[in-house]
Amino acid sequence: MLALQLVTGLLFLLLAAGVTIRLLNPLPPLEPRTPSTHLVATGDTPLGRGIAATRTGRPHDLSGVHMLMSGREAFASRILLARAAVRSLDVQYYIWHNDLSGTLLLEAMHEAADRGVRVRMLLDDNGVAGLDPVLAALDQHPNIEIRLFNPFVLRRPRMLGYLADFPRLNRRMHNKSVVADGQAAIIGGRNIGDEYFDARDAGLFFDLDVLAIGPVVDEVARDFDRYWGSQSAYPVHKILPPAPAEALAALHRSASLVERDPAARDYVEAVRALPFVAQMVAGSLPFEWAVIRMVSDDPAKGIGKAASDGLLATALYRVIGAPVRELGLISGYFVPTRAGVDALAELAGRGVDVAIFTNAFEASDVWVVHAGYAERRKALLRAGIRLFEMRGPDRSEGAPSRRKLIGTGSGSGSSTGGHVLRSSAATLHAKAFAVDGERLFIGSFNFDPRSIHLNTELGFVIESPQLATTMANAFELDIPALAYEVVLSENGRLNWRERRPGGVIVHATEPGTSLLQRWGIRIVSRLPIEWLL
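For the sequence shown, position 335 matches number 1482 in our numbering, and the numbering has no gaps at all.
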């Protein structure tokens, strides 16, 4: 009885604290906002002329895509687009870190604005920690406008904001895109931060983006406008205190990070030396030409008001349809839920070869999410679904590096050659799947309840048998070399098969876990929190 009274009292105090915070820190009025839309008629720009030449002789309904598998190529592509733009840059991100790559890309935005480029930045407010002063200063530039998606009114500590406005703040904008001059776009799984761009020595993510040209770019630009004008996009000056009058001038006068930091110089020099950079500058970058459809959530999802036909998950099924022969799914955060297991099992029961690649516990950066996946493994395997889990860093003496196993990704620069996985990363962050060797999805969408029901997402459906087959083949060639294959033993227990140059090692307990961690995973997997994962 006393325990119940204590719990009830604690809940009452939390509710009262939330109401107090909301009363003292209400959201400002959304309007007035300066209306703007993406710029059109940009074919006369340097990017426009170069892309027109690249598209010569191609059918008008086809777009070109180049797969950005290397973190450094992904960083270079963003810098080069920012430098090439002369009219506009529209930038949308879930996370923008205040680190080396994040600072370099902010400087690129600032430099573009100084050249007269209109820069619009839409950032999810949950992922810009430590950037308030810089964002407030940049927003004072006459050519830069910044908006925050579902912002926290209480800036410190932000977590208290959840007490006051949990239903709204629990919904985040997970989209990632860049559009330059309305002519070229980058979308995919990467946020802005060193772990995504191979800009540090440890804790790297394997991820996947695509650089696109052609008619699909206009779809990305129009989708950015939807989010820019949505009910969740607040002008930064309505949320952050004004920067000092001299802040922008000081930012302009300060030496660039490359001039101040030897590590930044080394990284930029390494990126500049990539064959990819020379190809992009020369206009000789290879593209795969295909019909591409953009799919995305209605931004009203950010306030819980999107209709079911406005959700990305619904659009995906409408565009791709049900797999007939094979489904290869790559998702760093994979929480299938009971309904997802049933759906995948139904596919496998119809003879569809279903293979899934996600993170092992030792590679996961969010172990609570791993717990949400772990309890579903046996059901998936019993249904005949193949499971692969990305291994963590291998520190054993003489172990081959991932670069030797799957290449560096900076060789020929081909968008379609050889291997789909090219990284030394230890954590899988990519979001992609291939269907029947014909269609490929790449985007920000994880196969988990949060992506389906809470966060907004986007992606491309690419009608390319060549790219889809390359990804499907990765489940036979690349993935087994850097993953554990999870199987059921004869007595129905989980085993983890690890391929080594000298043979196969079978682990009877989950690799990289202690007894305490395994108990923790088991306990968390039974908590009623799956809808949050």
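Backbone N, C-alpha and C define an ideal beta-carbon position, used for all residues, glycine too.
Quick check: the Cα distance between residue i and residue j, rounded to an integer number of angstroms?
i: A1502; j: M1441; result: 24 angstroms
i: L1691; j: A1346; result: Limits of the chain in this structure are 1148 at one end and 1680 at the other, which puts residue 1691 out of reach.
i: E1610; j: I1477; result: 18 angstroms
i: A1453; j: V1653; result: 46 angstroms
i: A1150; j: I1670; result: Confidence in A1150 is poor, its pLDDT being 44 and thus under 50, which makes the residue's placement unreliable; the coordinate value appears in the next sentence. In a straight line, the C-alpha of A1150 is about 22 angstroms away from that of I1670.
i: I1599; j: G1263; result: 39 angstroms
i: R1373; j: P1446; result: 7 angstroms
i: Q1287; j: G1195; result: 29 angstroms
i: R1369; j: R1533; result: 38 angstroms
i: N1602; j: A1200; result: 38 angstroms
i: R1550; j: I1626; result: Low confidence applies here, because R1550 scores a pLDDT of 33, under 50, leaving its location unreliable; read the following figure in that light. Rounded to the nearest angstrom, the two C-alpha atoms are 13 angstroms apart.
i: K1385; j: V1513; result: 33 angstroms
i: A1429; j: P1422; result: 11 angstroms
i: A1349; j: A1410; result: 15 angstroms
i: A1486; j: E1493; result: 11 angstroms
i: D1208; j: A1359; result: 13 angstroms
i: L1624; j: S1431; result: 29 angstroms
i: W1666; j: L1251; result: 43 angstroms
i: D1328; j: S1403; result: 25 angstroms
i: G1590; j: A1394; result: 36 angstroms
i: Y1480; j: T1505; result: 7 angstroms
i: N1290; j: V1266; result: 6 angstroms
i: L1674; j: D1191; result: 57 angstroms
i: Y1241; j: T1616; result: 30 angstroms
i: S1224; j: L1679; result: 34 angstroms
i: E1677; j: G1519; result: 6 angstroms
i: V1418; j: A1231; result: 17 angstroms
i: N1297; j: F1353; result: 28 angstroms
Can you name the start and end residues of the beta strand (DSSP E) that residue i belongs to?
i: S1735; result: One cannot answer for residue 1735 here, as it falls past the ends of the chain, which runs 1148 to 1680.
i: Q1330; result: That residue, Q1330, is in no beta strand (DSSP E); it is neither H nor E in DSSP.
i: F1296; result: I1291 to F1296
i: A1380; result: A1380 to P1382
i: W1436; result: E1435 to S1443
i: M1214; result: S1210 to L1215
i: Y1631; result: A1630 to L1635
i: L1351; result: That residue, L1351, is in no beta strand (DSSP E); it is neither H nor E in DSSP.
Looking at the structure shown, is residue i part of a helix, part of a strand, or coil, going by DSSP?
i: V1275; result: coil
i: Q1239; result: strand
i: E1536; result: strand
i: A1460; result: helix
i: E1220; result: helix
i: D1370; result: helix
i: A1486; result: helix
i: T1192; result: coil
i: H1185; result: coil
i: L1253; result: helix
i: A1502; result: strand
i: I1676; result: coil
i: L1285; result: helix
i: L1227; result: helix
i: G1376; result: coil
i: A1454; result: coil
i: A1199; result: helix
i: L1432; result: coil
i: G1263; result: coil
Got a sec, what are the start and stop residues for the alpha helix (DSSP H) residue i sits in?
i: A1413; result: The amino acid occupying residue 1413 in the given sequence is Asp; Ala does not appear at that position. Note, D1413: alpha helix (DSSP H), P1409 to R1419.
i: L1614; result: P1612 to A1621
i: R1400; result: A1394 to R1400
i: T1203; result: Element bounds for T1203: n/a, residue is neither H nor E.
i: G1659; result: It is not in any alpha helix (DSSP H) - G1659 carries neither H nor E in the DSSP assignment.
i: L1177; result: L1177 -> no alpha helix (DSSP H), and no H or E assigned at all.
i: P1389; result: Counting along the chain, P1389 falls outside any alpha helix (DSSP H), and DSSP gives it neither H nor E.
i: G1519; result: W1514 to A1521
i: F1344; result: Careful: F1344 lies outside any alpha helix (DSSP H) and carries neither H nor E.
i: P1446; result: Unbroken run through P1446: none, as it is neither H nor E.
Compute the beta-carbon to beta-carbon distance between residue i and residue j, rounded to the nearest angstrom, for a pair I have assumed lies under 8 angstroms.
i: V1499; j: A1526; result: Between A1526 and V1499 the Cβ distance is about 17 angstroms, and since that is not below 8 angstroms, they are no contact.
i: V1582; j: L1458; result: Going by Cβ atoms, the distance from V1582 to L1458 rounds to 19 angstroms, so no, they are not a contact pair.
i: Q1378; j: L1177; result: 7 angstroms
i: H1257; j: L1285; result: 6 angstroms
i: M1320; j: G1451; result: M1320 to G1451, Cβ: 14 angstroms. No contact.
i: L1491; j: A1521; result: Going by Cβ atoms, the distance from L1491 to A1521 rounds to 16 angstroms, so no, they are not a contact pair.
i: L1253; j: D1272; result: Rounded, the Cβ-Cβ distance is 16 angstroms, inconsistent with contact.
From the DSSP output, which residues share a beta bridge with residue i?
i: S1478; result: K1578
i: F1588; result: F1580 and V1608
i: M1268; result: V1238 and I1293
i: R1646; result: V1651
i: L1641; result: L1635
i: A1359; result: V1212 and A1332
i: E1473; result: D1500
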